[in-house]
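Chemist: Residue numbers (my numbering): -9 to 566. Every residue gets a Cβ at the ideal spot worked out from N, C-alpha and C, and that includes glycine.
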RNA sequence: GCUUCCUUAGCUCAGCCGGUUAGAGCAUCUGACUGUUAAUCAGAGGGUCCCUGGUUCGAGCCCAGGAGGGAGCGCCA
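1. Just tell me which of 297, 276 and 398 has its CA closest to the CA of residue 286.
2. With H, G and I counted as helix, E and B as strand and the rest as coil, what does DSSP make of residue 118?
3. Hey, out of 305, 146 and 160, whose CA is closest to residue 234's CA?
4. Could you give the C-beta distance for residue 201 and residue 176, rounded to a whole number, given that I count them as a contact under 8 Å?
5. Buried or exposed: which applies to residue 40, given that a residue is buried once 16 or more other Cβ atoms fall within 10 Å of its Cβ?
6. Tell me which same chain residues have a C-beta within less than 6 Å of the C-beta of residue 221, skipping the five on either side of it?
7. Expressed to the nearest angstrom, what Euclidean distance is found between the alpha-carbon atoms of residue 62 and residue 125?
8. Do you know offhand how far residue 128's Cα is from residue 171's?
9. Measuring only the C-alpha atoms, how far is residue 204 from residue 159?
10. Consult DSSP for residue 421 and reduce its assignment to one of helix, strand or coil.
11. For the alpha helix (DSSP H) that residue 433 lies in, which residues bound it at each end?
12. Put residue 131 into one of helix, strand or coil per three-state DSSP.
13. Note down, in chain order, each residue of its chain lying with its Cβ closer than 6 Å to the Cβ of residue 342, except the 5 sequence neighbours on either side.
14. I want to know whether the stretch 257 to 266 touches the stretch 363 to 383 - three or more CB-CB distances under 8 Å.
15. What residue from 546, 255, 92 and 213 has the CA that sits closest to residue 398's CA?
16. Are the beta-carbon atoms of residue 333 and residue 308 separated by less than 7 Å?
17. State the DSSP-derived secondary structure class of residue 493, mapped to helix, strand or coil.
18. Between the C-alpha atoms of residue 389 and residue 316, what's the straight-line distance to the nearest angstrom?
19. Of the residues 484, 120, 448 and 477, which one's Cα is nearest the Cα of residue 496?
20. If you drop the 5 nearest sequence neighbours on each side, which residues of the same chain put their C-beta closer than 7 Å to that of residue 447?
21. Figure out for me which residue from 423, 471 and 373 has the closest Cα to the Cα of residue 536.
22. Spatial neighbours of residue 444 within its chain, please: C-beta separation below 8 Å, excluding the five flanking residues on both sides.
23. Just reading off the beta strand (DSSP E) that residue 457 is part of, what are its end residues?
24. Report the option in 288, 164 and 111 whose CA atom is closest to the CA atom of residue 153.
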């Protein structure tokens, strides 16, 4: 009996599905013909926004049923469509009518009005004005009198604010309560040519909705300039300022430009690990990663911490460089780059260092030092050009407020060949310089900041690439020169920044690499896989590291690296 | 890690040789003003002078220690 019931229900369900399918075949459909500009229906233009793909008009063709055994409809047949608001071009009326006579021209649907960004609204051509729009953002300033109020609206899409005009005839004082500096609002109204000076367009508001107010007694940001030090303590709110909006948009453009440059030039983006089991990357102090209890870690017989008990079964750290792993990828994919976070547990207290920063590390198989220099120079100049092209308004703002010569300097770097010379030649120049240095200049010691600055800012007056440093002051993996004294290293020095790129041709000879590791006390066991790259199919290759924030620092003209990353990490500071 | 400077109203800063009730601009609040745009004008409120101790008849100011911040240097990207 039970089984019979089950079978009955199953057959009923199948029948229902079949009927639904037949019904669907007989249905008239409203096709989607894409979005059409307002010219298709001048009357409905009133209701739609011009901007973007949203909020506009949708023209939809009528599609009769197309099932194989159904004859095509005869002229005069009636049909129904879903009862959405639409515009009937044959009648020049709007409505919710659902019955039509075949054949029928396409219907025009008014889409619900959607938000436009301030950037889109400000870029509206003059012949597309006088339309209803919806903007959402944060109030930057409100001023006016009892007849008319002006609200500067910013939504982060660009530096500029949109002026919202709220006339007293539409808005009482109470209606604008809370619409003050810092508040989030939605504004509906007509986008028109501005009556005032200072902006091309403005919104004559018809409706202002307050999402969230901001208590004027306690809101930290005011309609005036704040010091960068103060804003550093307000890292959760500083993106709402002109300065940090501009910096963050430039930062984004540079990040995108980096991926674009490499993609356009046949590089593959490889993701190197953030947690690393090797502590021999040779680039500085590392942050330990562990799940062991800090108070009572397990200990071995000799009393040291027993990392075999740890999460990974060994001691692990945050990466200081993706270079060694990038070399693995380069020896397979040819041209690769990494772009990821990097960590240095060094007690560096300067305006050019962070404990957590982003680094770009290209690595190219078969490249030698000259090709490496060409890549670094072309890469940097392309990025500066990209920023000049895509961030004009933001860079102009930063130039005006922080660095008068910014645009001039960026254009200069974009257009000028870098000076290339060896470390040895640089030492000669410094020794014969009239300037007195605090630190002595001697072949074999690393150059001090003052020496680098002299070369870049006073002697050559342009970016400089220094090459062939003494082997003692450079990392173990750099290729030894024929003289056995220097290595094929290169540092790119920029005005105001100092070292922006450090790179080299890598040692591809297994024997020489092992000898260098022994000299510099780098344990071979840890890097057995790195050595195997030289054991199997070794080839010349080269690469470099670019500190992303140093690039942003240079392009924005900001003075402190803590102001070009949203949440800076530096000694004694990990707030936010 | 080293050197050096700074800490006074919500913000940016004055504050003389140690002297009576600590000031300005901006911001906030109230009012005025028919299109402002760093709006303007008038008025009002707003202070643990970073903290602790000391010197002194008397300390925002001098001394010692501590905390926080900036700049420069080192390490580097």
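Modeler: Let me spell this out:
1. Put simply, of 297, 276 and 398 the residue whose alpha carbon is nearest the alpha carbon of residue 286 is 297.
2. Three-state result, residue 118: helix.
3. Taking only the C-alpha atoms, the option nearest residue 234 is 146.
4. About 7 Å separates the two Cβ atoms, so the contact holds.
5. Below a pLDDT of 50, predicted positions are generally treated as unreliable, and residue 40, at 38, falls in that range; the measurement from the model is reported next regardless. So residue 40 ends up on the buried side.
6. Short of 6 Å from the beta carbon of residue 221, and not among the five residues preceding or following it, lie these beta carbons of its own chain, in chain order: 228.
7. One Cα belongs to residue 62, the other to residue 125, and the distance between them is close to 46 Å.
8. Rounded to whole angstroms, residue 128 to residue 171 spans 8 Å at the Cα level.
9. Looking at the two C-alpha atoms, the distance is approximately 25 Å.
10. In the structure shown, residue 421 sits in a helix (DSSP, three-state: H, G or I).
11. For residue 433, no alpha helix (DSSP H) run applies, since DSSP gives it neither H nor E.
12. In the structure shown, residue 131 falls within a strand segment according to DSSP collapsed to helix, strand and coil.
13. Excluding its 5 nearest sequence neighbours in each direction, residue 342 has C-beta neighbours in its own chain below 6 Å: 551, listed in chain order.
14. Pairwise C-beta distances place the stretch 257 to 266 out of contact with the stretch 363 to 383, as fewer than three of them are shorter than 8 Å.
15. Of 546, 255, 92 and 213, the smallest CA-CA separation from residue 398 is found for 546.
16. Yes, the Cβ-Cβ distance between residue 333 and residue 308 is below 7 Å.
17. In the structure shown, residue 493 adopts extended strand secondary structure according to DSSP, grouped into three states.
18. Roughly 36 Å between the two C-alpha positions.
19. Nearest Cα to residue 496 within the set 484, 120, 448 and 477: 477.
20. Around residue 447: 485.
21. Nearest of 423, 471 and 373 to residue 536, Cα basis: 373.
22. Result list for residue 444: 420, 423, 425 and 427, in chain order.
23. Going by DSSP, residue 457 is part of the beta strand (DSSP E) stretching over 454 to 457.
24. Closest option to residue 153, Cα to Cα, is 111.
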